[in-house]
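Structure record follows, encoded as structure tokens.
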Amino acid sequence: ACVQQGTDYVDTTGETPWVRELIDRFHASARGRKTFIVPMCGFDSIPSDLGAYITAAEIKKRYGCATRKIENFVTMTGSASGGTLATGIMMERQAPHRLHDVFVLGGQRKCGVREEDKDFNRVEFHEGVGMWATTFGMAKLNTRVVRRSNSLFEAEGLGYGDNFNYQEKALVPTEKIAKKVWRAANAPPDVIERMIKQGRLPTPGKGPSKAERKKNWFIFTMDGTSEDGRHVRTEIKGGDAGYEETAKMVAESAILLASKKGELLKRKGAHGGVVTPAFA
């Protein structure tokens, strides 16, 4: 309906299989109508997408070369809402192949899927930061969006780098916590559903209280590496990711798109379509 009416659109979905469907069905027609369809304008995936864009741009500005890779180290407090859990269960059951396809939204390198492109899904001590690294639950969403941004910019001759790679890792202080986080991130749908029925996890429509949300925070620390091995560090931080910050992000995305669309259409390559926050 938005494409037919030429109405720009933003949302806070985190469902990459559905976004793939939007791309296949509406990207070309949205471009033809100069209409911007911009999914994933909340915590998934604005901090990741804009953070990667800023880091790659700074590497180009500072060192005059392309970006080889960006590692995003995530520290945060908070808990998932019942709706988020339900969505995760649905994606695992209805579209597991697309959910776990690391290039489901595009961006695959010419050499194919490399080992470094695969989702980080283990527990290891990271010498560089002196903490334990493990699976970040939202990485299988955010990494796909960043890779699509790179592919969209590449089509306009503005890509991050021919060999670009982007990964996300959760950082925690101890091995015990890392293993607990890993188990939670890899819990099968049946286990999550059982925990919901037992009251150990929230049902759809329920989530952290206002008092709990006030205590929550997140920090993204991005380590960008240039093709010649030099580094740029970018830090993005905020309060409660799932509710407070997501509400701000999607509202500001809508305001920016409504007020600056004319400027966007003058930019090279920005002709509308089903795009990412960074590209829009």
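Counting in the working numbering, the sequence shown runs from 50 upward without gaps.
Positions of the beta carbon are idealized from the N, C-alpha and C atoms, including for glycine.
The structure displayed is predicted, hence computed values, not measured ones.
Cβ pair residue i, residue j closer than 8 Å
i, j, result
"F269", "P88", "no"
"S200", "A327", "no"
"G131", "P253", "yes"
"F85", "V52", "no"
"N265", "D289", "yes"
"N235", "R158", "no"
"L134", "I285", "no"
"A303", "L313", "no"
"R117", "G177", "no"
"V162", "V153", "no"
"D93", "G137", "no"
"G321", "R82", "yes"
"E293", "R316", "no"
"G273", "I72", "no"
"L220", "V123", "yes"
"M180", "P66", "no"
"M271", "T104", "yes"
"R80", "V281", "no"
Residue range of the beta strand (DSSP E) that includes residue i
i, result
"V281", "280-287"
"N121", "116-126"
"T183", "180-183"
DSSP-derived helix/strand/coil call for residue i
i, result
"V162", "coil"
"L313", "helix"
"L306", "helix"
"Q247", "coil"
"H175", "strand"
"Q216", "strand"
"M89", "coil"
"M139", "helix"
"T295", "helix"
"S130", "coil"
"D272", "strand"
"V52", "helix"
"G322", "strand"
From the options, residue whose alpha carbon lies closest to that of residue i
i, options, result
"T61", "W231, V194, V153", "V194"
"K228", "M244, K259, K264, T184", "T184"
"N191", "I245, L134, N121", "N121"
"D166", "T56, K297, K218, R111", "K218"
"D277", "D93, R80, W67, G113", "G113"
"V299", "G91, A260, R243", "G91"
"T295", "R147, T104, F267, L154", "F267"
"T223", "T325, K259, F174", "F174"
"R171", "R232, R147, G273, S128", "R232"
"V68", "V221, L148, K255, Y215", "L148"
"Y102", "H146, A50, G208", "G208"
"G186", "M125, R80, G156", "M125"
"G100", "V324, A319, V230, T283", "T283"
"P237", "V324, A319, P145", "P145"
"K225", "A182, L306, E164, F169", "A182"
Endpoints, alpha helix (DSSP H) assigned at residue i
i, result
"K264", "259-264"
"F75", "65-81"
"G100", "95-112"
"H149", "No alpha helix (DSSP H) contains H149, which DSSP labels as neither H nor E."
Output the residue ranges of the beta strand (DSSP E) runs that lie fully inside the region 195-241 and measure 3 residues or longer, sorted by chain position. If we require 3 residues or more, the beta strand (DSSP E) runs fully inside the region 195-241 come out as 214-221.
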